[in-house]
Each structure stands twice: as C-alpha cells, then as structure tokens.
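The sequence shown runs contiguously to residue 699 in the numbering used here.
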Amino acid sequence: MVCIGAVSQLVRDIADFHSPDFKSFLMYVKKDWGASLVFAAIIVLQAFVIGVALPWYFSRGNLVGIALAGLLFWGNLLWMLASQYYFPVRNRLDTNIRTIPKRCLMLLFDNTGFTIVLGIGTLVLAVLSTFTAFLFPGIGAILLWHQAAVRLRIYKYDYLEEHPHETGKRIPWDGLLAEDRNRVGTRTLRGMIFPWKG
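Next comes the structure, spelled out in structure tokens:
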C-alpha cells in the first residue's frame with residue numbers, strides 16, 4: 502500500500518503525456534509514503550465501518566441505531582466517491598495531507614454527476630481486474646483513470662478562473678481538449694491492441 506502513491510505519480514506522468522521514468526519510482530515512494538499510509542488507514546477505517554459498525558447499529562433495532570447506521574452508510578459512500586480524487590489531488594493540487602480530504606469532498610460536491618460516472622468506471626475497471634488477479638487493467642489503469650479525470654477538472658477550473666463571467670455548464674471542451682487530441686492523434690481499438698499492425 503505504501504507504493505500506491507508512487508504508482509499514482511508514475512501514471513500522472515503518463516496522463517500528462519510524459520514517458521514514465523521508473524528511476525523516479527524510489528523518489529516518489531519517499532515523497533508519498535506518508536500520504537499512502539494515511540489513505541491505507543482510511544481504507545481500514547472504512548472496512549471497520551462497513552464490517553463492524555453498520556451491522557452493530559442495525560442490530561440495535563431502534564430508530565436511533567437505524568439513523569446512525571444510515572448516517573454511517575451515506576458518509577462512507579460519499580467518501581468512497583470522493584476518495585477517487587485523493588492521489589490526483591495530492592499529485593496536482595495540494596500536498597498537505599490534512600487538507601487533501603477537504604479538497605476531495607469539494608471536488609465531489611462541485612462535480613457530483615462527473616464523480617458518479619467516475620465511480621462507475623472505477624467499479625467496472627476493478628471488476629474486470631479481478632478476472633486477471635489485478636494484472637490487467639489493474640490498479641495502474643484505475644489510478645490513470647482518476648488522474649485523467651482530475652486533469653479534466655483542472656482544465657475546467659482554469660477556464661473558469663480566466664472567464665469568471667462564465668458558468669460551469671458552458672465549458673468549451675472542444676477548444677480546451679484540442680491540444681490533447683492533437684497529441685494523442687486518431688486511434689482505433691485495433692491499433693491500440695495491435696500497434697505493430699498500424
């Protein structure tokens with residue numbers, strides 16, 4: 502789990518169209534081990550809430566127990582959605598471990614629909630990965646999915662900062678993504694799977 506922050510840094514480089522430099526891996530481990538441990542602790546806490554606290558409160562059989570179980574359930578679900586932004590926020594916006602969760606929640610509430618779609622994509626990637634023991638698509642693909650998502654949100658916020666009179670519903674995505682599309686070029690599914698046949 503300590504290495505997940507370093508892997509996230511590597512896939513951030515990929516999302517930014519840079520070749521991953523695996524020599525930097527140890528440097529990334531040293532840089533992100535603290536954030537990775539905090540994230541691991543949060544996952545352990547979530548597992549405790551789901552596996553112990555929720556069943557215990559439900560078993561009380563009274564209104565207070567059900568209400569507390571409901572609060573824990575929705576709080577846990579909200580954090581599961583917001584936590585998709587944890588490492589991208591750490592890599593791109595804020596290195597302060599204390600304020601990263603706050604920024605994650607801000608992104609969730611400001612981009613709720615986007616975050617739900619991101620969560621569905623994460624779930625699909627995770628389910629597909631179970632068939633290959635997480636070799637493919639794997640954790641790297643999930644982290645890349647999250648990095649690309651935050652990269653798109655940064656485009657949005659940079660645009661709104663430059664055009665404060667605009668609303669978030671009128672983002673000129675074609676213009677904002679033009680440079681990225683030029684870099685990536687036209688790709689077919691066959692070309693991605695069999696690049697040597699292109």
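Just so you know, even glycine gets a beta-carbon here, dropped at the ideal spot from N, CA and C.
Exercise. Who are the near neighbours of Leu645 in its chain, counting only those whose CB is closer than 8 Å to its CB and skipping five residues on each side?
Worked result: As a first step, residue 645 is located in the sequence shown; it is residue number 144 there, counting from the start. Excluding sequence neighbours, Leu645 sits near Val512, Ile515, Ala516.
For this session: Run through the stretch 512-559 for me and flag every whole alpha helix (DSSP H) of 4 or more residues, listed as ranges in chain order.
Result: 526-549
For this session: Give every residue of the same chain whose Cβ lies closer than 7 Å to the Cβ of Leu569, excluding the five residues on either side of it in the sequence, and list them in chain order.
Result: Start at 1 with the first residue of the sequence shown, and residue 569 comes out as number 68. Once the five neighbours on either side are set aside, the close Cβ partners of Leu569 are Tyr558.
For this session: Between the Cα of Phe615 and those of Leu564, Lys603, Tyr586, Arg599, spot the shortest distance and give me the residue it belongs to.
Result: The residue given as residue 615 occupies position 114 in the sequence shown. Per the Cα distances, Tyr586.
Exercise. Could you check where the alpha helix (DSSP H) with Phe615 kicks off and where it finishes?
Worked result: As a working mapping, residue 615 is identified with position 114 in the sequence shown. Unbroken alpha helix (DSSP H) run through Phe615: 613-631.
Exercise. With distances taken from CA atoms, which of Leu626, Val508, Phe588 is nearest Arg652?
Worked result: For the purposes of this step, residue 652 is taken as residue 151 along the sequence shown, with counting starting at 1. Closest by alpha carbon: Phe588.
Exercise. Apart from the five residues on each side of it in sequence, which residues of its chain come closer than 6 Å, Cβ to Cβ, to Gly639?
Worked result: Counted from its first residue, the sequence shown places residue 639 at position 138. So the list reads Ser630, once near-sequence residues are dropped.
For this session: Closer than 8 Å by C-beta to Glu667: which residues in its own chain qualify, once you throw out the five before and the five after it? Chain order, please.
Result: Working through the sequence shown from its first residue, we reach residue 667 at position 166. Around Glu667: Tyr660, Leu661.
For this session: Report the three-state DSSP secondary structure of Leu579 (helix, strand or coil).
Result: For the purposes of this step, residue 579 is taken as residue 78 along the sequence shown, with counting starting at 1. Leu579: helix per DSSP, three-state reduction.
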